[in-house]
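Novice: Here the protein sequences come in this chain order: A and B. Here this note's numbering is used: the first residue of the first sequence is 47, the next is one more, and so on. Here this note's numbering is used: the first residue of the second sequence is 47, the next is one more, and so on. Here a beta-carbon is modelled for each residue, glycine too, at the ideal position from N, C-alpha and C.
2 protein chains.
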Amino acid sequence: MSALKNDRFIRALLRQPVDATPVWMMRQAGRYLPEYRATRAKAGDFLSLCKNTELATEVTLQPLQRFPLDAAILFSDILTIPDAMGLGLYFAEGEGPKFQRPISSQTDIENLSVDVLSDLRYVMDAVTMIRQALDGAVPLIGFTGSPWTLATYMVEGGSTREFKKIKRLLYANPTAMHLLLDKLAIVVTNYLNAQIDAGAQAVQIFDTWGGVLSHASYLEFSLDYIQKIIAGLKVNRPDGTVVPVIAFTKGGAPWLEAISQCGCHAVGLDWTVDLGIAKAKVGSQVALQGNMDPNILLAPISVIEEEVKRLLASYGQHDADSGHVFNLGHGITPDVEPEHAAAFIEAVKQFSPYYHQ
Amino acid sequence: MSALKNDRFIRALLRQPVDATPVWMMRQAGRYLPEYRATRAKAGDFLSLCKNTELATEVTLQPLQRFPLDAAILFSDILTIPDAMGLGLYFAEGEGPKFQRPISSQTDIENLSVDVLSDLRYVMDAVTMIRQALDGAVPLIGFTGSPWTLATYMVEGGSTREFKKIKRLLYANPTAMHLLLDKLAIVVTNYLNAQIDAGAQAVQIFDTWGGVLSHASYLEFSLDYIQKIIAGLKVNRPDGTVVPVIAFTKGGAPWLEAISQCGCHAVGLDWTVDLGIAKAKVGSQVALQGNMDPNILLAPISVIEEEVKRLLASYGQHDADSGHVFNLGHGITPDVEPEHAAAFIEAVKQFSPYYHQ
Chain A
47 MSALKNDRFI RALLRQPVDA TPVWMMRQAG RYLPEYRATR AKAGDFLSLC KNTELATEVT
107 LQPLQRFPLD AAILFSDILT IPDAMGLGLY FAEGEGPKFQ RPISSQTDIE NLSVDVLSDL
167 RYVMDAVTMI RQALDGAVPL IGFTGSPWTL ATYMVEGGST REFKKIKRLL YANPTAMHLL
227 LDKLAIVVTN YLNAQIDAGA QAVQIFDTWG GVLSHASYLE FSLDYIQKII AGLKVNRPDG
287 TVVPVIAFTK GGAPWLEAIS QCGCHAVGLD WTVDLGIAKA KVGSQVALQG NMDPNILLAP
347 ISVIEEEVKR LLASYGQHDA DSGHVFNLGH GITPDVEPEH AAAFIEAVKQ FSPYYHQ
Chain B
47 MSALKNDRFI RALLRQPVDA TPVWMMRQAG RYLPEYRATR AKAGDFLSLC KNTELATEVT
107 LQPLQRFPLD AAILFSDILT IPDAMGLGLY FAEGEGPKFQ RPISSQTDIE NLSVDVLSDL
167 RYVMDAVTMI RQALDGAVPL IGFTGSPWTL ATYMVEGGST REFKKIKRLL YANPTAMHLL
227 LDKLAIVVTN YLNAQIDAGA QAVQIFDTWG GVLSHASYLE FSLDYIQKII AGLKVNRPDG
287 TVVPVIAFTK GGAPWLEAIS QCGCHAVGLD WTVDLGIAKA KVGSQVALQG NMDPNILLAP
347 ISVIEEEVKR LLASYGQHDA DSGHVFNLGH GITPDVEPEH AAAFIEAVKQ FSPYYHQ
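(1) Spell out whether any CB of chain A is found under 8 Å from the CB atom of Lys296/B.
(2) What residues in the segment 319 to 341 of chain B bring their beta carbon closer than 7 Å to a beta carbon of chain D?
(3) What's the gap between the Cα of Gly336/B and the Cα of Gly377/B?
(4) In terms of residue numbering, what span does the beta strand (DSSP E) encompassing Asn157/B cover?
(5) Can you tell me whether His376/A is helix, strand or coil according to DSSP?
(6) Counting only Cβ-Cβ distances shorter than 7 Å, please list the residues of the segment 358 to 373 of chain B near chain A, keeping chain order.
(7) Between which two residues does the beta strand (DSSP E) containing Ile292/B stretch?
(8) With 8 Å set as the bound, which would you pick, yes or no: does the beta-carbon of Leu269/B sit closer than that to a beta-carbon of chain A?
(9) Would DSSP call Leu357/B helix, strand or coil?
(10) Going by the CB atoms, is the gap between Val291/A and Leu279/A shorter than 8 Å?
(11) Please name the residue in Ala304/A, Ile342/A, Gly286/A and Ser192/A whose C-alpha comes closest to that of Ala324/A.
(12) By how many angstroms is the C-alpha of Asp161/A removed from the C-alpha of Lys211/A?
(13) If you count every other CB in all the chains shown that lies within 10 Å of the CB of Glu353/A, and 16 or more means buried, which is it?
(14) Rounded to whole angstroms, what is the Cα-Cα separation between Glu208/B and Gly298/A?
(15) Taking Pro193/B as the reference, which of Ile127/B, Leu343/B, Ala246/B and Gln331/B has the closest Cα?
(16) Based on DSSP bridge pairs, tell me the residues matched to Asn239/B.
(17) Take Ala183/A as the anchor and find which of Val234/A, Gly286/A, Asp243/A and Gln247/A has the nearest alpha-carbon.
(18) Checking contacts by CB at 8 Å: is Tyr78/A closer than that to chain B?
(19) How about Trp255/A: is its C-beta nearer than 8 Å to some C-beta of chain B?
(20) Give the single residue among Met131/A, Pro80/A, Ile124/A and Asp129/A whose Cα lies nearest to the Cα of Gln111/A.
(21) Less than 8 Å between the beta carbons of Ala222/B and Ile176/B, yes or no?
(22) Can you tell me the Cβ-Cβ gap for Leu374/B and Met71/B, rounded? I've got them flagged as a contact below 8 Å.
(23) In chain A, which residues lie less than 9 Å from Phe209/B when you measure between Cβ atoms?
(24) Compare the C-alpha of Pro384/B against each of Leu343/B, Ser360/B and Leu358/B and name the closest.
(25) Relative to the C-alpha of Thr106/B, which candidate in Ala118/B, Glu202/B, Pro68/B and Gln62/B has its C-alpha closest?
(26) Per DSSP, what kind of secondary structure is His370/A in: helix, strand or coil?
(27) Counting Cβ pairs, one atom from each stretch, are 3 or more of them under 8 Å apart for the segment 135 to 144 of chain A and the segment 91 to 103 of chain A?
(28) In this structure, does DSSP put Met338/A in helix, strand or coil?
(29) Give a yes or no on whether the C-beta atoms belonging to Tyr78/B and Thr379/B are separated by under 8 Å.
(30) Can you tell me whether Ser164/B is buried or exposed? The criterion is at least 16 other CB atoms within 10 Å of its CB, across all chains shown.
(31) What did DSSP end up calling Ile56/A once you bin it into helix, strand or coil?
(32) Could you tell me whether the Cβ atoms of Pro148/B and Leu125/B are closer together than 8 Å?
(33) Would you tell me roughly how many angstroms separate the C-alpha atoms of Gly329/B and Asn282/B, rounded to the nearest one?
(34) Going by the beta-carbon positions, is the gap between Leu120/A and Gly188/A smaller than 8 Å?
(35) Specify the secondary structure class of Gly278/B as computed by DSSP and reduced to three states.
(36) Kindly say whether His261/B, judged by its beta-carbon, lies nearer than 8 Å to any beta-carbon of chain A.
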């Protein structure tokens, strides 16, 4: 495959000097883009879009055709894994993801197969096709949900605000909880290694729901598994390149120091964390990714520009240890005008070089 | 009114020595108690219960008749204030609170009256009646929502997961946002002072939604107003007693140091924060309140006891600077068995004296 023409994103994750702060957006291939909505309508439902290699490639590339982004991210969903494990993923209109066969007993956990990579072949096919289509323009990010985050959906049967079932399992039967997380860690490790083999040049672990745990439970039931996964990744490639790993726990602010020691190259931050404070705490051990509140994209363009300037100043001048990838603190929402996303990316391009002199 | 027979709660908030860690539960007068459900059925709806002095007194006292709690908390709702400001609070079945006339423009904000204390008389009447009924058994806590938290409901028109309208207002029209918060800070200050005059012996400011803000926005749009309110409270009473103030921001972990400097006597913690780490950071400036995950009350009683022991050990031995009030990290939920709440409180009583020797 082609060598990278723009390696700013990879270099920043590895804390190597760059000319400007690289930028991408979580959920950048998404419903805020009319061309995405058109492709999705062609595919039928969301899951069919994920499983159609050509169309998944098409939507992955759409934001790059509009904006000078420094990375592409595989179009897929974190719930491909439980789907492959036999839980029967479907999307009920207006209700988010659901499972036909959620986990409701220790026996269900014991019966789960970890040998599911062949059922995820469509994801690797998409990775390979996207790499070919990108032709080295920018790096491609692969991703997964964290074991804890996947487990919340598998036990709750879908989205939840309260996490009652999973917390009851965690507190009342930690052995079963650990068995489920152990199995998921095996699957996730294999899944990310397969994405890397297929061409992913960086990987992100989305721990969307780690932030609902207590400090002690977070370390035991979420971070520990993220650490195990990273230890099992083949990040040093035969061609001498390194595949950087980004660990993103939404609501992870209380545990920044611990997260920075999990073996990741970069820590993803939500917007509750001050970038300058995070840099002072862990910025010489890991790169940081983030962290503008996505809701700022609903404000006038002048406000977006001011916020980008404020965040760049908060991270401050780059030095031999530093690395920052600009991003939102969570996914871009469907109600954002594409022109506002463009202004955000443009502002990073315009105002960040000053901090890399 | 009677002198306090049990002042453990007040003393711990003021970081004075106590024989055991005091304990109460947020939402302790609530739906998990069958006697509460019976009284509420008598009252009709939730709001009628809040506005009925006798029945509000009755439900405030119910948990104290069951459990050896160290404090009572006024039965009321944080949304009494916007209701008194004319927004028309109602509770739609299964949907939570709603407003008939939410704020939808700068003109709406300009037209809001801050002279609403007479419409909140029923709250002060309840405070006085509860104090008389308690007869000094334990202190009575008064409370309010923070200006930011109240504003989220007033602008969104009810509960929200996304905070789109309020964040659009904050980012696009910060002047109007500040005007609304200024008005709310005036009302809240008067409201808490009236509760104190009526007999509240401690007050808690619930900043339920501060945690959805960025670091900079939290300081500017939430904490700054909490600080202004506390500065305006008449906490030094003519009889020489002090009314301690507890500031509780759910999701406030990233900003512990700043919160500890807002003028409060105690910082309320949710369960994401390690008590020992919080104590090391701010425990010599303020008392700490919290912070067991309420979902632990769904686990077997042996698990509840172990978690209480773990949290007590995490706070550790008490010394001249320390102060800890045991509580949950958020309100007790309706699906908890009262026997589990009893076991929680009993465990604090049984295992905490060791740390106060």
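Specialist: Reading it off the structure:
(1) No, no contact with chain A.
(2) Structure shown: chain D not included; protein chains present are A and B.
(3) Roughly 11 Å between the two C-alpha positions.
(4) From DSSP, Asn157/B is part of no beta strand (DSSP E) but of the alpha helix (DSSP H) over Gln152 to Asn157.
(5) Coil.
(6) Hits within the stretch: zero.
(7) Per DSSP, Ile292/B belongs to the beta strand (DSSP E) from Val291 to Thr295.
(8) Chain A contact via Cβ: absent.
(9) Of the three classes helix, strand and coil, the one that applies to Leu357/B here is helix, per DSSP.
(10) Yes; because the gap between Cβ atoms is below 8 Å, this pair is in contact.
(11) Looking at the Cα atoms, Ala304/A is the closest of the given residues.
(12) So the two alpha carbons sit approximately 26 Å from each other.
(13) Burial call: buried.
(14) In this structure, the CA atom of Glu208/B is about 19 Å from the CA atom of Gly298/A.
(15) The closest CA to that of Pro193/B, considering only Ile127/B, Leu343/B, Ala246/B and Gln331/B, is found on Ile127/B.
(16) Listed as beta-bridge partners of Asn239/B by DSSP are no residues whatsoever.
(17) Looking only at Val234/A, Gly286/A, Asp243/A and Gln247/A, the smallest Cα-Cα distance to Ala183/A is reached by Gln247/A.
(18) No, Tyr78/A does not count as interfacial toward chain B.
(19) By this cut-off, Trp255/A is not an interface position.
(20) Minimum Cα distance to Gln111/A is reached at Pro80/A.
(21) Taking 8 Å as the Cβ cut-off, Ala222/B and Ile176/B do not qualify as a contacting pair.
(22) That pair is a contact at about 5 Å.
(23) Per Cβ cutoff of 9 Å: Asn341.
(24) With distances taken between Cα atoms, Pro384/B lies closest to Leu343/B.
(25) Nearest C-alpha to Thr106/B: Ala118/B.
(26) Note: His370/A maps to strand in three-state DSSP.
(27) Taking 8 Å as the limit for Cβ pairs, the verdict is that the segment 91 to 103 of chain A does touch the segment 135 to 144 of chain A.
(28) Looking at Met338/A - three-state DSSP - the assignment turns out to be strand.
(29) Taking a C-beta distance under 8 Å as the contact criterion, Tyr78/B and Thr379/B qualify as a contact pair.
(30) Its Cβ having fewer than 16 others within 10 Å, Ser164/B is exposed.
(31) In this structure, Ile56/A counts as helix in the three-state DSSP scheme.
(32) Taking 8 Å as the Cβ cut-off, Pro148/B and Leu125/B do not qualify as a contacting pair.
(33) When rounded, the distance between both Cα atoms is 23 Å.
(34) Yes, they are a contact pair.
(35) Coil at Gly278/B, not helix or strand.
(36) Residue contact check for His261/B against chain A: a CB pair falls below 8 Å.
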